[in-house]
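Novice:
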Amino acid sequence: MALKQIEISGFKSFAKKSVLDFKTPITAIVGPNGSGKSNVAEAFSFVLGEQSIKSLRGKRGEDLIYNGSNTGNRANRASVKVVLDNNKKLLDLDFDEVAIERVVYRDGVNNYLINGSQVRLKDVIELLAGANIGSTGHHIISQGEADRILNVNPKERKAVIEDALGLKIYQIKKKDSRKKLQKTEENIKQAESLRREIKPHLKFLEKQAEKIQKTLEMKEALILIYKEYFKRENLHLESRKNRLAGETKEPKERLQRLDMEIEKLEKSIIGNNSSSSGAAELKELEEKITRVRQEKGKFILELGRLEGELKSLHKILGKDGEQSLHDKISFPEVRRLLEYIEKEINSLEKEAELSKIRAVLSLIKSKLKNFISSFSPAESKNFEEQISVIKAGIKGTEKDIRNLIFEEDKLKMACENLRKKMEESRDVGIEAERKIFDLKTRRGDARFRLNELKGLREKLELEEGEYKRELAEAAVLTGRETLNFENFDIKNEEGRPLEEAEILAEEREKQEGRKKEIQKIKIRLEDAGGASGEEIMKEYEEVKERDSFLDRESRDLEESANSLEELIKDLDDKLEEKFTSGLKKINEQFQDFFSLMFGGGLARLEISKGNHLSSFSLGAFSVEKNLEEDSEEESGEEESQISDGVEIQVSLPKKKIKNLMMLSGGERALTSIALLFAMSQVTPPPFIILDETDAALDEANSRKYGDMVESLSKHSQLILITHNRETMSRAGVLYGVTMDGSGVSKLLSVDLEEAEKVAK
1 MALKQIEISG FKSFAKKSVL DFKTPITAIV GPNGSGKSNV AEAFSFVLGE QSIKSLRGKR
61 GEDLIYNGSN TGNRANRASV KVVLDNNKKL LDLDFDEVAI ERVVYRDGVN NYLINGSQVR
121 LKDVIELLAG ANIGSTGHHI ISQGEADRIL NVNPKERKAV IEDALGLKIY QIKKKDSRKK
181 LQKTEENIKQ AESLRREIKP HLKFLEKQAE KIQKTLEMKE ALILIYKEYF KRENLHLESR
241 KNRLAGETKE PKERLQRLDM EIEKLEKSII GNNSSSSGAA ELKELEEKIT RVRQEKGKFI
301 LELGRLEGEL KSLHKILGKD GEQSLHDKIS FPEVRRLLEY IEKEINSLEK EAELSKIRAV
361 LSLIKSKLKN FISSFSPAES KNFEEQISVI KAGIKGTEKD IRNLIFEEDK LKMACENLRK
421 KMEESRDVGI EAERKIFDLK TRRGDARFRL NELKGLREKL ELEEGEYKRE LAEAAVLTGR
481 ETLNFENFDI KNEEGRPLEE AEILAEEREK QEGRKKEIQK IKIRLEDAGG ASGEEIMKEY
541 EEVKERDSFL DRESRDLEES ANSLEELIKD LDDKLEEKFT SGLKKINEQF QDFFSLMFGG
601 GLARLEISKG NHLSSFSLGA FSVEKNLEED SEEESGEEES QISDGVEIQV SLPKKKIKNL
661 MMLSGGERAL TSIALLFAMS QVTPPPFIIL DETDAALDEA NSRKYGDMVE SLSKHSQLIL
721 ITHNRETMSR AGVLYGVTMD GSGVSKLLSV DLEEAEKVAK
């Protein structure tokens with residue numbers, strides 16, 4: 001990396017924009033005292049992050065801004081920009097050229113820019129530290145500052161050496177790690193403090209959450225058992241309802257049919273009973289039969305009369321020829337005949353068979369003929385007349401009988417017909433009554449069954465009402481999710497969903513068991529309060545998450561703290577290792593430069609233990625006070641009054657001088673230059689600015705100084721501010737600084753290499 005250019009505007013005496021290009025390994029800036037040439041060195045310190053206004057020869061930031069003159073107005077700001085060649089990427093930026101700029105305003109505000117983008121001071125320091133451009137300013141050395149490397153306390157000297165060895169980047173990392181560690185430890189304490197604060201409340205909420213969780217678990221269990229209970233109950237009620245509807249339909253229809261049949265039969269019976277024509281006709285026939293009986297009585301009387309006459313004739317016949325008549329016909333025989341006739345008439349009266357009368361009469365006629373023919377002619381004549389009379393009576397009787405027979409035939413037919421009709425009506429009535437009785441019995445059975453089914457239906461309606469009440473209660477207790485039981489799968493022990501028939505086949509005692517279990521859970525829910533506790537659970541989850549977050553944060557912070565402690569230890573080890581090895585190399589170079597400057601002697605740096613810090617300011621070599629650093633850390637840095645440091649041990653040739661305080665001014669200058677050059681040789685910075693460090697040298701030492709400058713220029717770019725001609729002769733380009741009457745510095749440049757070529 002090389003310094004290409006510096007641009008100064010409004011900074012101190014450089015009122016106008018001034019640009020210095022650095023194209024050669026050595027560039028010299030010359031000019032009379034007070035011309036402002038040292039302002040160039042201070043411009044480098046300013047742009048590279050120097051925070052001590054005092055080291056820049058000012059009291060306030062405003063003192064760094066051109067203050068104007070009689071002929072010119074003062075500037076409102078001061079800016080310095082350096083342009084660095086970054087082809088080798090020593091700066092951790094993916095640019096071949098890096099411009100670093102710092103601007104200060106009269107109100108004290110500072111802005112830092114890298115390639116035109118505003119950044120923090122910390123970003124600038126870290127970027128430069130990677131290229132071994134440290135904040136102690138070991139690469140920017142003035143005459144007075146060179147002597148101070150000998151005057152500072154061992155610890156401050158050690159800081160300068162560490163900076164020169166390129167350890168600044170590790171120190172920055174260590175410093176950042178310590179700050180992070182401190183912040184991490186504070187965060188750990190804060191997290192633990194917050195956890196302690198919320199712990200009592202968390203415990204309270206945890207207990208409440210446990211209760212609520214148990215309640216929720218009970219509710220979940222209740223929801224599951226509710227769903228199974230309601231699904232089974234719903235299927236059971238629907239099944240019973242459908243079964244009752246089916247069972248009610250048949251007896252209801254049967255009852256309707258029976259009512260219709262009974263009504264029909266009753267109407268038929270009423271029709272038979274209301275029909276009085278049969279009874280009247282029967283009564284009329286009975287009256288006619290009575291009349292026939294009366295007529296029959298007359299016939300009996302007539303026959304009795306005839307019997308009497310026959311008896312008389314029998315007596316007569318008995319006197320005249322009792323033996324002959326008795327042989328032919330006896331009176332008992334005639335009596336039997338009459339009895340037979342009477343019997344037949346009575347039979348006719350009972351059976352109404354008048355046709356037999358004719359046969360009886362015929363028999364009587366036959367008997368009479370036989371009876372008459374059995375008498376003697378004499379007797380016959382006597383009896384002939386009587387018989388004629390009897391015949392006449394018989395004829396009359398026959399006529400009457402024929403009329404009676406005709407009438408009886410009619411009555412017989414009417415009676416038979418009426419008897420049949422009445423018999424049929426009686427049979428129909430009896431059958432109808434029997435059927436009605438049977439139908440009424442069956443109707444009673446149907447009504448009993450319907451009443452029984454009605455009772456079952458009313459019981460079912462009560463159960464449905466209870467079921468709906470339970471549904472409403474479940475919705476209040478567990479939410480409407482419980483009502484979505486229809487899609488709930490009831491499974492067996494193997495996890496197979498049960499079919500509807502399998503569900504209905506379960507014994508009702510098990511459903512009653514579920515109901516009892518529901519009641520138990522409800523009681524436990526009531527004991528637990530029954531509230532959902534959403535707000536408490538929400539707060540518990542928030543506090544729990546907060547506690548978990550703090551716990552994770554604490555663990556992460558502890559891991560980070562452990563990692564940072566390990567990193568700090570590694571950095572300490574690396575710093576110790578690099579410092580030890582670097583110090584050894586510096587001692588080698590210090591001895592060489594010291595011998596060169598003094599023609600011999602001994603010079604070395606030694607690590608000291610337990611040196612007390614002094615309050616002497618390191619000036620340009622002071623550890624950079626970052627404006628963004630925490631003041632507490634600064635005080636922490638100084639709290640230990642005992643620390644390792646670096647002592648300088650020298651021994652001049654031919655002199656018994658063992659102490660730096662015994663050196664003359666020139667000897668001190670040569671010693672400091674030898675040490676600074678030695679430090680620059682071990683870990684060369686990209687550029688070194690030497691501000692009149694050769695002012696106290698005589699001609700001989702100036703040549704030695706010039707030789708060392710040329711040696712240094714092989715590894716670092718040098719900007720020399722000098723009055724020494726010997727030193728000027730080693731430069732490739734000379735910049736002359738002058739100041740006009742208005743107090744403004746101006747630049748003139750001479751390319752000595754080109755001039756030498758022209759001169760030759």
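Residue 1 is where the sequence shown starts when you use the UniProt record's numbering, and the numbers rise one by one after that. For each residue, glycine too, the CB sits at the ideal point set by N, CA and C. Computed from a predicted structure; not experimentally measured.
Can you list, in chain order, the residues of its chain whose CB lies under 7 Å from that of residue 483, leaving out five sequence neighbours each side?
Specialist: Position 483 of the sequence shown, counted from the first residue, corresponds to residue 483. Once the five neighbours on either side are set aside, the close Cβ partners of residue 483 are 471 and 475.
Novice: How do the stretch 186-200 and the stretch 441-455 stand: do at least 3 beta-carbon pairs fall below 8 Å, yes or no?
Specialist: No: the two stretches stay apart, fewer than three of their Cβ pairs being nearer than 8 Å.
Novice: Relative to the C-alpha of residue 98, which candidate in 122, 111, 69 and 128 has its C-alpha closest?
Specialist: In the sequence shown, counting from the first residue as 1, residue 98 sits at position 98. Ranking the options by Cα distance to residue 98, first place goes to 128.
Novice: Relative to the C-alpha of residue 415, which residue among 33, 196 and 281 is closest?
Specialist: In the sequence shown, residue 415 corresponds to position 415, counting from 1. That would be 281, whose Cα lies nearest to the Cα of residue 415.
Novice: Distance, Cα to Cα, residue 251 vs residue 260?
Specialist: As a working mapping, residue 251 is identified with position 251 in the sequence shown. As a working mapping, residue 260 is identified with position 260 in the sequence shown. If I take the Cα positions, the gap works out to 14 Å.
Novice: For residue 101 versus residue 79, is the C-beta distance shorter than 8 Å?
Specialist: By 1-based counting over the sequence shown, the position of residue 101 is 101. By 1-based counting over the sequence shown, the position of residue 79 is 79. In contact: residue 101 and residue 79 (Cβ atoms closer than 8 Å).
Novice: If the criterion is Cβ atoms closer than 8 Å, does the pair residue 237 and residue 464 meet it?
Specialist: Here residue 237 refers to the residue found at position 237 of the sequence shown. Here residue 464 refers to the residue found at position 464 of the sequence shown. Yes, these two residues count as a Cβ contact at 8 Å.
Novice: With H, G and I counted as helix, E and B as strand and the rest as coil, what does DSSP make of residue 4?
Specialist: Within the sequence shown, numbered from 1, the residue matching residue 4 stands at position 4. Strand at residue 4.
Novice: Going by CA-CA distance only, name the one from 672, 43 and 70 that's closest to residue 57.
Specialist: The residue you call residue 57 lines up with position 57 of the sequence shown. Considering only alpha carbons, the answer is 43.
Novice: For residue 81, which beta-bridge partners are listed by DSSP?
Specialist: Taking the first residue of the sequence shown as 1, we reach residue 81 at position 81. Partner(s): 7 and 101.
Novice: What residue range does the beta strand (DSSP E) around residue 748 cover?
Specialist: Residue mapping note: residue 748 aligns to position 748 of the sequence shown, counting from 1. Taken as a continuous stretch (DSSP letters only), the beta strand (DSSP E) holding residue 748 covers 745-751.
Novice: Please classify residue 27: does DSSP put it in a helix, a strand, or coil?
Specialist: Here residue 27 corresponds to residue number 27 of the sequence shown, with the count starting at 1. Residue state, collapsed to three classes: strand.
Novice: Among 3, 12, 158 and 40, which residue has its Cα nearest to the Cα of residue 87?
Specialist: Reading the sequence shown from its first residue, position 87 is the one you call residue 87. When each option's Cα is compared against that of residue 87, the closest is 3.
Novice: Output the boundary residues of the beta strand (DSSP E) element that contains residue 736.
Specialist: Mapped onto the sequence shown, residue 736 falls at position 736. From DSSP, the beta strand (DSSP E) with residue 736 extends over 733-739.
Novice: From which residue to which residue does the alpha helix (DSSP H) around residue 718 run?
Specialist: For this step, residue 718 is matched to residue 718 along the sequence shown. No alpha helix (DSSP H) contains residue 718, which is instead part of the beta strand (DSSP E) from 717-721.
Novice: Is the CB-CB distance between residue 646 and residue 54 below 8 Å?
Specialist: Along the sequence shown, read from residue 1 onward, the residue named residue 646 stands at position 646. Along the sequence shown, read from residue 1 onward, the residue named residue 54 stands at position 54. No; because the gap between Cβ atoms is not below 8 Å, this pair is not in contact.
Novice: In chain order, which continuous runs of the alpha helix (DSSP H) of length 4 or greater are located wholly inside the stretch 400-470?
Specialist: Listed in chain order, there is nothing to give.
Novice: If you draw a straight line from the alpha carbon of residue 786 to that of residue 436, how long is it in whole angstroms?
Specialist: The structure shown does not extend to residue 786, since the chain is modelled only from 1 through 760, so no value can be given for it.
Novice: When you compare each of 644, 723 and 420 to residue 690 by their alpha carbons, which one comes out closest?
Specialist: If you number the sequence shown from 1, residue 690 lands on position 690. Nearest option by C-alpha distance: 723.
Novice: Pair every Cβ in the stretch 709-723 with every Cβ in the stretch 675-694, then say whether three or more of these pairs are closer than 8 Å.
Specialist: With the cut-off at 8 Å, the stretch 709-723 and the stretch 675-694 touch.
Novice: Am I right that residue 713 and residue 25 are in contact with their C-beta atoms under 8 Å? What's the rounded C-beta distance?
Specialist: In the sequence shown, counting from the first residue as 1, residue 713 sits at position 713. In the sequence shown, counting from the first residue as 1, residue 25 sits at position 25. Correct: roughly 4 Å between the Cβ atoms.
Novice: Starting from the Cα of residue 537, find the closest Cα among 590, 12 and 214 and give me that residue.
Specialist: The residue you call residue 537 lines up with position 537 of the sequence shown. Ranking 590, 12 and 214 by Cα distance to residue 537 puts 214 first.
Novice: Out of curiosity, what's the CA-to-CA distance linking residue 503 and residue 201?
Specialist: Here residue 503 refers to the residue found at position 503 when the sequence shown is read from its first residue. Here residue 201 refers to the residue found at position 201 when the sequence shown is read from its first residue. C-alpha separation (whole angstroms): 49 Å.
Novice: Is the beta carbon of residue 285 less than 8 Å from the beta carbon of residue 418?
Specialist: Here residue 285 corresponds to residue number 285 of the sequence shown, with the count starting at 1. Here residue 418 corresponds to residue number 418 of the sequence shown, with the count starting at 1. Their beta carbons are under 8 Å apart, which means residue 285 touches residue 418 by this criterion.
Novice: Does the beta-carbon distance from residue 119 to residue 113 come in below 8 Å?
Specialist: Reading the sequence shown from its first residue, position 119 is the one you call residue 119. Reading the sequence shown from its first residue, position 113 is the one you call residue 113. Yes, they are a contact pair.
Novice: Helix, strand or coil for residue 569 per DSSP?
Specialist: Numbered from 1 along the sequence shown, position 569 holds the residue referred to as residue 569. If DSSP states are grouped into helix, strand and coil, residue 569 belongs with the helices.
Novice: Taking 8 Å as the threshold (C-beta atoms), are residue 149 and residue 672 in contact?
Specialist: Counting from 1 along the sequence shown, the entry for residue 672 is found at position 672. Counting from 1 along the sequence shown, the entry for residue 149 is found at position 149. Yes, they are a contact pair.
Novice: Taking its Cβ as the centre, do 16 or more other Cβ atoms sit within 10 Å of residue 662, making it buried, or is it exposed?
Specialist: The count along the sequence shown starts at 1 and reaches residue 662 at position 662. Residue 662 is exposed by the Cβ-count criterion.
Novice: Do residue 12 and residue 48 count as a contact pair if the criterion is CB distance below 8 Å?
Specialist: Locating residue 48 in the sequence shown gives position 48, where the first residue counts as 1. Locating residue 12 in the sequence shown gives position 12, where the first residue counts as 1. The answer is no: Cβ separation not under 8 Å.
Novice: Are there 16 or more other CB atoms within 10 angstroms of the CB of residue 430, so buried, or fewer, so exposed?
Specialist: Within the sequence shown, numbered from 1, the residue matching residue 430 stands at position 430. That one is exposed.
Novice: Suppose only complete runs of 3+ residues qualify. What are the beta strand (DSSP E) ranges in the stretch 103-178, listed by chain order?
Specialist: Runs of the beta strand (DSSP E) inside the stretch 103-178: 110-114, 117-119 and 140-142.
Novice: Less than 8 Å between C-beta atoms, sequence neighbours within five positions excluded: which residues of the same chain meet that for residue 773?
Specialist: Residue 773 lies beyond the stretch modelled for the chain, which goes from 1 to 760, so this question has no answer here.
Novice: Exposed or buried, residue 154, counting other C-beta atoms within 10 Å across all chains shown (16 or more means buried)?
Specialist: Position 154 of the sequence shown, counted from the start, is the residue given in the question as residue 154. With 16 or more other Cβ atoms within 10 Å, it is buried.
Novice: Kindly give me the distance between the Cβ atoms of residue 6 and residue 82, rounded to whole angstroms, as I take these residues to be in contact under 8 Å.
Specialist: Locating residue 6 in the sequence shown gives position 6, counting from the first residue. Locating residue 82 in the sequence shown gives position 82, counting from the first residue. Correct: roughly 5 Å between the Cβ atoms.
Novice: Hey, residue 20 and residue 747 are a contact pair by Cβ (cut 8 Å); roughly how many whole angstroms apart?
Specialist: Numbered from 1 along the sequence shown, position 20 holds the residue referred to as residue 20. Numbered from 1 along the sequence shown, position 747 holds the residue referred to as residue 747. Yes, they are in contact, since the Cβ atoms of residue 20 and residue 747 sit about 7 Å apart, within 8 Å.
Novice: Who does residue 649 pair with in a DSSP beta bridge?
Specialist: As a working note, residue 649 is residue 649 in the sequence shown. DSSP lists 604 as partners of residue 649.
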